[in-house]
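Engineer: Before anything else, here's the structure in question.
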Amino acid sequence: MSKQWMSLVGALWLQSMAGTNTNFPAYSSQIKKLLSISQIQLNNLAFASDAGKLLGWFAGIAANYLPLWLVLLIGSILGLIGYGVQYLFLTNHIHSLSYWHVFSLTFLAGNSICWMNTVSYIVSIQNFPLDRQVAVGISTSYISLSAKIVTDIVDVVNVFTPSKRAETYLLMNSVLPLFFAIVVAPVIRDMKIGKSRKLSDGFRVMFVITIATGIYAVITSIKPAISKLVPSLLSLIGMVIFLLLPIVVPLFESMKEHWHKKCWIRRDPRICDLSKLEEDIKTPEEVINCGVKEDNDVGFAVMEEIGPKEMLMKLDFWLYFFVYLFGATLGLVYLNNLGQIADTRGFTETSSLVSLSSSFGFFGRLLPSIFDYLFSRSKYAISRPATIAVTLAPMTGAFFLLLNNSHFCLYISTAIIGICTGAITSISVSQTTELFGTKNFGVNHNIVVANIPIGSFIFGDLAAMLYRKQENSLGSCLRIKCFQTTFIIWGCLCLLGTCLAFILHRRTQKFYTHLRGGN
4 MSKQWMSLVG ALWLQSMAGT NTNFPAYSSQ IKKLLSISQI QLNNLAFASD AGKLLGWFAG
64 IAANYLPLWL VLLIGSILGL IGYGVQYLFL TNHIHSLSYW HVFSLTFLAG NSICWMNTVS
124 YIVSIQNFPL DRQVAVGIST SYISLSAKIV TDIVDVVNVF TPSKRAETYL LMNSVLPLFF
184 AIVVAPVIRD MKIGKSRKLS DGFRVMFVIT IATGIYAVIT SIKPAISKLV PSLLSLIGMV
244 IFLLLPIVVP LFESMKEHWH KKCWIRRDPR ICDLSKLEED IKTPEEVINC GVKEDNDVGF
304 AVMEEIGPKE MLMKLDFWLY FFVYLFGATL GLVYLNNLGQ IADTRGFTET SSLVSLSSSF
364 GFFGRLLPSI FDYLFSRSKY AISRPATIAV TLAPMTGAFF LLLNNSHFCL YISTAIIGIC
424 TGAITSISVS QTTELFGTKN FGVNHNIVVA NIPIGSFIFG DLAAMLYRKQ ENSLGSCLRI
484 KCFQTTFIIW GCLCLLGTCL AFILHRRTQK FYTHLRGGN
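Take the position in the sequence shown, starting the count at 1, then add 3; the result is the number in the numbering used here.
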């Protein structure tokens, strides 16, 4: 069990560096000036990062045939090349790099994220099959801290050279994921545990640590109010300490195994001696966990086990696809354009806004796990499609709230969109497994998230074209009307996504009702 927990700690450390694309808004304005490009060209760079997910299914296929540590290293090396060459260009170590070269490198860097995410998802799902939503939510919540962590590092490094922030962001994006990949590679593995045990004590500790980490991230993200009390260096040191805290769980479990050789199992409150348990297991077909038997190999229910070809023929897939497109993807497009949106409102603390969205995205990814942990067996639990629909409702209101020009509304809307986007992203991992099974999860889920580059291109370019209509002779736009029509369109699409989620809920209601009854 200590190795099992250590794999989860490795996954969350990995995820804390897997969101390198989320800090793009913090330096996008500088990139626009340095490359002398238009708003549409800048938006296409954001699209290129998302477009890397179109080939994310390669990571899923690789995970079926290669060791997870090798898949992880391949992804981090792709990121090193993608961001590293851009860094060398901005620092004048490479002189001849066209816009399309930068576009291709950004595409490559975006694809690297898929490899790292795929590894983290597989570890969380396979190593904690009965607690997969809890494990996935805890690990993936840390991806929302990527922008926060990198921004803290940039604030420390560039405290006296603010003009060099874009270069530092690219340098950190290139080397940090590779560093973390090398550190966690020895513990990132599919444990092949077959039958699983519901784990409670460890997850309680994990929740406390994770929530405390999120609260700290939110507080230190409000830079105008907190910067005088907590200097950038202390903020970064605190963040590092919180990242190290989860290792307490596997260390404690290792000590407990060493001294007692026993474990607690949630399904049966008795204490089980592992050495006796191993003697009782005679054949792989009959695995007994203290007298508890499961109906399938992984210990949880799915609607059906299908591959990508069969999945694409299902109506449920296309409903799910468009729900994600009008929900999480739309939120990501907003966050990609956050730098320009802030500029048009005369808001200068863009990095603070990015850190805020990152921190609230952290809680958004974590909340589904908390609810799943507390209410998954309750008769009051609702289906995952219904949960997505409920999450999309406040997100719709946030887009319309942005029609107000105040900085307060900008903060509130960004926080709401961040938390809702994070929640949908987290829920979708378990949603994919429940709708289409676990055997082809790596490929299936990467096909689902392929809607991100599609939405990034359509919604992002639409926003850029509407922005261009409001530009002045200098190629800039500094008033609320720059994104006014965009916010109305995005709000209406989000409302449509809410309706589609309720339709998917109705179609899958029988399955979830049976699932709750079975619990």
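Using N, Cα and C, we set each Cβ at its ideal position, and we do this for glycine too. Given the structure is predicted, the values throughout are model-derived calculations rather than measurements.
Below 8 Å between beta carbons: does that hold for L48 and T94?
Structural biologist: no
Engineer: Identify, in the order they occur along the chain, each residue of the same chain with its Cβ nearer than 6 Å to the Cβ of G342, setting aside the five sequence neighbours on each side.
Structural biologist: The answer, listed in chain order, is P28, S31, S32, T353.
Engineer: Alpha carbon to alpha carbon, how far is E170 from V186?
Structural biologist: 25 Å
Engineer: At a threshold of 7 Å, does T347 count as lining the ligand HEM (C-beta to nearest heavy atom)?
Structural biologist: Inclusion of the ligand HEM in the displayed structure is not the case, the ligand content being empty and no account of it being possible.
Engineer: Specify the secondary structure class of S123 as computed by DSSP and reduced to three states.
Structural biologist: helix
Engineer: Helix, strand or coil: which one does DSSP assign to G349?
Structural biologist: coil
Engineer: Between which two residues does the alpha helix (DSSP H) harbouring Y323 extend?
Structural biologist: 318 to 327
Engineer: So, at 7 Å on beta carbons, what are the nonlocal neighbours of Q512 in its own chain, with the 5 sequence-adjacent residues on each side left out?
Structural biologist: S386
Engineer: Would you call the stretch 319 to 337 and the stretch 462 to 476 touching, i.e. three or more CB-CB distances under 8 Å?
Structural biologist: yes
Engineer: As a quick exercise: from I64, L15, A54, pick the residue whose alpha carbon is nearest that of T332.
Structural biologist: Per the Cα distances, A54.
Engineer: Using CA atoms only, rank isn't needed, just tell me which of K472, V451, K167 is closest to W60.
Structural biologist: Distances from the CA of W60 to each of K472, V451, K167 were compared; the closest alpha carbon is that of V451.
Engineer: What are the complete beta strand (DSSP E) segments, minimum 3 residues, inside the stretch 97 to 142?
Structural biologist: If we require 3 residues or more, the stretch 97 to 142 turns out to have no beta strand (DSSP E) run fully inside it.
Engineer: Just how far apart, CA to CA, sit K36 and H448?
Structural biologist: 36 Å
Engineer: Using only the alpha-carbon positions, how far apart do S257 and G87 sit?
Structural biologist: 39 Å
Engineer: Quick one: Cα of V126 to Cα of W8, how far?
Structural biologist: 10 Å
Engineer: Specify, as a first and last residue, the run of the alpha helix (DSSP H) that Y90 falls within.
Structural biologist: 71 to 93
Engineer: Could you compute how far the alpha carbon of P456 sits from the alpha carbon of Q18?
Structural biologist: Whole-angstrom Cα-Cα distance: 20 Å.
Engineer: So, T121 versus G205, is the Cβ gap smaller than 8 Å?
Structural biologist: no
Engineer: Identify, in the order they occur along the chain, each residue of the same chain with its Cβ nearer than 7 Å to the Cβ of T154, setting aside the five sequence neighbours on each side.
Structural biologist: N26, A29, S354, V357, S358
Engineer: Mapping DSSP to helix, strand and coil, what is P311?
Structural biologist: helix
Engineer: Using only CA atoms, which one of G85, K6, V208, D158 lies nearest to L237?
Structural biologist: Out of G85, K6, V208, D158, D158 has the C-alpha closest to the C-alpha of L237.
Engineer: Please work out which residues of its chain come closer than 7 Å, Cβ to Cβ, to A188, disregarding the five sequence neighbours upstream and downstream, and give them in chain order.
Structural biologist: Closer than 7 Å at the Cβ level, and outside the excluded window around A188, lie W72, L75, L76.
Engineer: Counting beta carbon pairs with one atom in the stretch 92 to 107 and one in the stretch 130 to 147, are three or more of them shorter than 8 Å?
Structural biologist: no
Engineer: Are L438 and M306 closer than 8 Å when you measure CB to CB?
Structural biologist: yes
Engineer: For N46 and A401, which I take to be in contact (beta-carbon distance under 8 Å), what is that distance rounded to the nearest angstrom?
Structural biologist: The Cβ separation is near 21 Å, so there is no contact.
Engineer: For I244, count neighbouring C-beta atoms within 10 Å of its own C-beta (all shown protein chains included) and say buried if the count is 16 or more, exposed if not.
Structural biologist: exposed
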